[in-house]
Amino acid sequence: ELMESLGQKYPDFTFIDMFLPPLQDLPDNHFDFVITFQVIEHIEPDSFFLAEAARVLKPGGKFYLTTVNKKFSLTRNPWHVREYYADGLQQLMEKHFSNVITEGVHGNDKVMKYYEENKKSVERITKFDIFNLQYRLPRTWLQVPYDLANRLSRNSLSNQNNSLVNSIQVDDYFLSNDPENSLDFFYTGIK
1 ELMESLGQKY PDFTFIDMFL PPLQDLPDNH FDFVITFQVI EHIEPDSFFL
51 AEAARVLKPG GKFYLTTVNK KFSLTRNPWH VREYYADGLQ QLMEKHFSNV
101 ITEGVHGNDK VMKYYEENKK SVERITKFDI FNLQYRLPRT WLQVPYDLAN
151 RLSRNSLSNQ NNSLVNSIQV DDYFLSNDPE NSLDFFYTGI K
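For the sequence shown, position 151 matches number 151 in the working numbering, and the numbering has no gaps at all.
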């Protein structure tokens with residue numbers, strides 16, 4: 001339904017729903033842009049995914065990618081196959097793109113206050129993980145408990161500090177050339 005709705009709302013665009021990689025039935029050297037926001041951390045063959053993105057781009061085409069900065073992850077997210085550090089992601093992308101622009105998504109003081117409050121909330125839950133099971137058990141075993149604990153933590157934070165939670169807007173985030181210390185990475189690969 002979503003794809004059909006988007007197609008009707010934006011008839012000049014083509015929306016494709018597929019499991020990836022590979023980017024099946026998409027021609028080589030065809031697209032000006034490939035945009036993937038918060039995707040690569042969910043994909044097992046990440047290098048193949050990047051190779052496929054590069055394959056379908058025209059020469060000079062741009063691949064936009066965002067993903068979480070592992071340095072700022074509060075706990076293991078079992079829905080993620082892996083998370084990246086700034087230099088590791090850059091090195092991976094440089095295998096597939098002639099130029100990689102590395103930027104980071106940062107938050108202002110309000111966003112960072114939310115981050116710190118969320119961190120405290122998560123620590124109140126993870127302190128019971130005395131055997132560090134979140135890093136020892138298979139990630140698929142942790143998905144339901146993670147979702148429940150995450151919802152509990154976020155609801156608690158919202159109830160305790162609703163004005164802060166509701167006050168954060170898109171304008172409270174900005175890009176910088178310091179991905180190492182960013183909440184999320186915003187990388188551009190140029191073919």
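Backbone N, C-alpha and C define an ideal beta-carbon position, used for all residues, glycine too.
Residues sharing a beta bridge with residue i, DSSP
| i | result |
| --- | --- |
| Lys62 | Phe33, Ile190 |
| Thr126 | In the DSSP output, where bridge partners are listed per residue, Thr126 has none listed. |
| Phe97 | Its beta-bridge partners do not exist; DSSP assigns none. |
| Val204 | The structure shown does not extend to residue 204, since the chain is modelled only from 1 to 191, so the question has no answer here. |
| Leu57 | Phe31 |
| Thr67 | Phe185 |
Identity of the residue in the options nearest residue i by Cα
| i | options | result |
| --- | --- | --- |
| Ser121 | Gly107, Asp109, Asn159, Arg136 | Asn159 |
| Ile101 | Ile16, Tyr10, Ser176, Lys9 | Ser176 |
| Leu152 | Ile125, Asn77, Gln134, Gln90 | Ile125 |
| Gln169 | Asn108, Arg154, Ala51 | Asn108 |
| Lys110 | Arg136, Asp171, Phe97 | Asp171 |
| Leu164 | Asn118, Phe131, Pro179, Asp32 | Asn118 |
| Tyr173 | Leu137, Thr188, Val105, Phe131 | Val105 |
| Leu142 | Ser98, Pro78, Lys113, Gln91 | Pro78 |
| Met112 | Asp87, Ser167, Gln90 | Ser167 |
| Thr75 | Phe37, Arg139, Gly189, Asn161 | Arg139 |
| Leu89 | Tyr10, Leu50, Asn161 | Leu50 |
| His96 | Tyr115, Lys62, Glu116 | Lys62 |
| Phe186 | Asp87, Ile16, Ser5 | Asp87 |
| Tyr64 | Glu103, Glu116, Gln91, Tyr114 | Glu103 |
| Ser31 | Val39, Thr14, Ser47, Lys9 | Looking at the sequence itself, residue 31 is Phe, so the reference to Ser does not match. Closest option to Phe31, Cα to Cα, is Thr14. |
| Ser47 | Gln91, Gly60, Asp12, Asp17 | Gln91 |
Under the three-state DSSP convention, the category residue i falls into
| i | result |
| --- | --- |
| Leu16 | A small correction: the amino acid at residue 16 is Ile; Leu does not occupy that position in the sequence shown. Here Ile16 sits in coil by DSSP. |
| His106 | strand |
| Tyr114 | helix |
| Val144 | helix |
| Asp87 | helix |
| Phe131 | coil |
| Ser176 | strand |
| Asp46 | helix |
| Asn161 | coil |
| Gln169 | coil |
| Leu6 | helix |
| Arg139 | helix |
| Leu92 | helix |
Interface flag, residue i vs chain B, CB-CB below 7 Å
| i | result |
| --- | --- |
| Ile16 | Looking for chain B here will not work: only one protein chain is present. |
Burial state of residue i (16 or more Cβ within 10 Å)
| i | result |
| --- | --- |
| Lys127 | exposed |
| Pro179 | buried |
| Ser182 | buried |
| Gly223 | Not covered by the structure: residue 223. The range shown for the chain is 1 to 191. |
| Val34 | buried |
| Glu123 | exposed |
| Asp184 | buried |
Residue i beta carbon near the ligand SAH (any heavy atom closer than 6 Å)
| i | result |
| --- | --- |
| Leu137 | With respect to the ligand SAH, the structure offers nothing, as it holds no ligand at all. |
**Request:** Would you be able to state if there are at least three C-beta pairs under 8 Å between the region 79-86 and the region 56-70?
**Result:** Contact between the region 56-70 and the region 79-86 is present, with at least three C-beta pairs closer than 8 Å.
**Message:** Check whether the region 54-66 and the region 24-33 touch, using three or more Cβ-Cβ pairs below 8 Å as the test.
**Reply:** The region 54-66 and the region 24-33 touch, with no fewer than 3 CB-CB distances between them shorter than 8 Å.
**Prompt:** Is the region 6-22 in contact with the region 32-52, if contact means three or more CB pairs nearer than 8 Å?
**Reply:** At 8 Å Cβ cutoff, the stretches touch.
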